[in-house]
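Working notes for the structure below.
In our numbering, the protein residues as written are -11 to 273.
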């Protein structure tokens, strides 16, 4: 094996991001490049080390045994390079960012680890809440940027990041009642997503009853996994253990635009902001 000093730092960093995010799409977004470029970097790294590090299938990405062995040395390698660069680095940047809790799922710890390891010059203040609350905090100057769902055309500022789709989810062994109101796991009022779900049910003349109320996708998803009822969730954050209710049993739901509204100034701070929002952005493929 060649000397570690000959390794490409960007290739090693791409490997670490793949290990954490388990998505080539997300890694490409964070590194501001293409999936093909990420694949090429990893292939060259594997050729240099003489071992296959990552197994990639249409449904999942995981490390091989060799990849697991290389993980800690790779982290040490990248960390040493960053410490060297930080000797002459910039003063820490403070960013207060708000994310809609509808798009924050169980992968939050993994995403935060990626951000903390990559953005060493940033002190991140993260707030998760509903769109209405985040808009109020942003307008009051308490948040530098927010990523929210756009439910209407009343407010047109902001940059479109992507479209999010939604579905009805329940536990694998949950039986949807055929002659009784649908038991729903819902967000508390006021909530635009809750209102959208109930409008869709009422338009389809489907009876429902509220059996659990929780704030955020994590709480709602956990209740659905527990078999309490049916939850409305963004497809990107629905827990893997849930099944989507299909076959026309419940009404199809509209996609919503996800937008970023920002007051961040300066090239460095904006570059950091975009890398952070890409880390949170759900994999589209």
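Beta carbons: idealized from backbone N, C-alpha and C, even for Gly. Everything numeric in this text was worked out from a predicted model, so none of it was measured.
Whole-angstrom C-beta distance between residue j and residue i, which should lie under 8 Å
i	j	result
residue 5	residue 66	About 10 Å; that fails the 8 Å criterion.
residue 173	residue 211	4 Å
residue 250	residue 261	6 Å
residue 3	residue 41	6 Å
residue 218	residue 201	About 14 Å; that fails the 8 Å criterion.
residue 149	residue 135	7 Å
Contacts around residue i, its chain only, beta-carbon distance under 6 Å, and the 5 residues preceding and following it disregarded
i	result
residue 259	none
residue 131	84, 86, 125
residue 184	none
Same chain, Cβ closer than 8 Å to residue i, neighbours up to 5 away in sequence not counted
i	result
residue 168	195
residue 165	171
residue 18	5, 9, 102, 106, 263, 266, 267
For residue i, the nearest candidate out of the options (CA to CA)
i	options	result
residue 140	213, 115, 242, 1	242
residue 30	44, 144, 20	44
residue 221	203, 237, 21	203
residue 119	237, 133, 109, 112	133
residue 127	109, 110, 146, 112	146
residue 176	212, 2, 208, 245	208
residue 116	88, 94, 154	88
Through-space distance from residue j to residue i, alpha-carbon basis
i	j	result
residue 96	residue 187	30 Å
residue 273	residue 197	Model confidence at residue 273 stands at a pLDDT of 35, short of 50, so the residue's coordinates are unreliable; what they give is reported in the following sentence. Between residue 273 and residue 197, the C-alpha separation is close to 35 Å.
residue 152	residue 23	21 Å
residue -1	residue 39	14 Å
residue 256	residue 1	20 Å
residue 63	residue 14	19 Å
residue 246	residue 240	19 Å
residue 123	residue 72	39 Å
residue 82	residue 109	9 Å
According to DSSP, residues forming a beta bridge with residue i
i	result
residue 201	174
residue 147	248
residue 113	84
residue 159	230
Close-in-space but distant-in-sequence residues of the same chain around residue i (CB under 7 Å, 5 per side omitted)
i	result
residue -10	Low per-residue confidence applies at residue -10: pLDDT is 48, beneath 50, and the placement is therefore not dependable, though the value from the model is reported in the following sentence. Only 36 meet the Cβ criterion.
residue 98	8, 9
residue 90	137, 181, 205, 222
residue 53	none
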